[in-house]
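Input: a single structure, listed below in structure tokens.
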Amino acid sequence: IKSIRGSDPNGAVYWLARMIEGGEDIKFIARRMLISASEDIGLANPTALVMANTTFQAVTTIGYPEARIILSQCAIYLATSAKSNASYMAIGKAQQAVKQTGNLSVPLPLRNAPTKLMKDLGYGQEYKYAHD
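The numbering of the sequence shown is this note's numbering, which starts it at 7 and goes up by one.
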């Protein structure tokens, strides 16, 4: 994973081979690739998550030894992808804010107002629909 994070495809394949030859569960490796696709690559290449998920499905379906080729393809793809940890950082900061502020009420302008009473109470007022 560190070689993927460091954009080193040769290192990624080498350490993949070490993990496989060391007896690591190939599904565990594929799960780690899923995590890396989101955590390390994220929005810089959203297709990386699709690739990693397809890799996990294929590895689960066909098993070893053929799965090693699929894992290698995914490792190279992830290592050569642009990187962004923005989603990882954003959810971490948001969770920290929730922990610090506690269980706050949803502001009235953000609340749905499906009834007249709710509208009269101010639910949804001042809400701007982004598509209008």
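Even glycine gets a Cβ: it sits at the ideal position worked out from N, Cα and C.
All values derive from a computational prediction rather than experimental measurement.
Check                                                                                                                                   : Outcome
Short check: CB of Lys89 to CB of Ile47, under 7 Å?                                                                                     : yes
Hey, out of Lys8, Thr66, Leu84, whose CA is closest to Ala5's CA?                                                                       : The structure shown does not extend to residue 5, since the chain is modelled only from 7 to 138, so the question has no answer here.
Where does Tyr129 land, buried or exposed, given buried means 16+ other C-beta within 10 angstroms?                                     : buried
With respect to the alpha helix (DSSP H) encompassing Ile84, which residues constitute its N-terminal and C-terminal limits?            : Residue identity differs from the one stated: residue 84 is Leu in this sequence, not Ile. Unbroken alpha helix (DSSP H) run through Leu84: 73-86.
State the Cα-Cα distance for the pair Asp126 and Val104, rounded to the nearest angstrom.                                               : 29 Å
Which value, in whole angstroms, describes the spacing of the CA atoms of Ile35 and Ile10?                                              : 12 Å
State buried or exposed for Val112, treating a residue as buried only when at least 16 other CB atoms are found within 10 Å of its CB.  : exposed
Use the C-beta contact count for Thr66: other C-beta atoms within 10 angstroms, 16 or more gives buried, fewer gives exposed.           : exposed
With burial defined as no fewer than 16 other Cβ atoms inside 10 Å of the residue's Cβ, what is the status of Ile75: buried or exposed? : exposed
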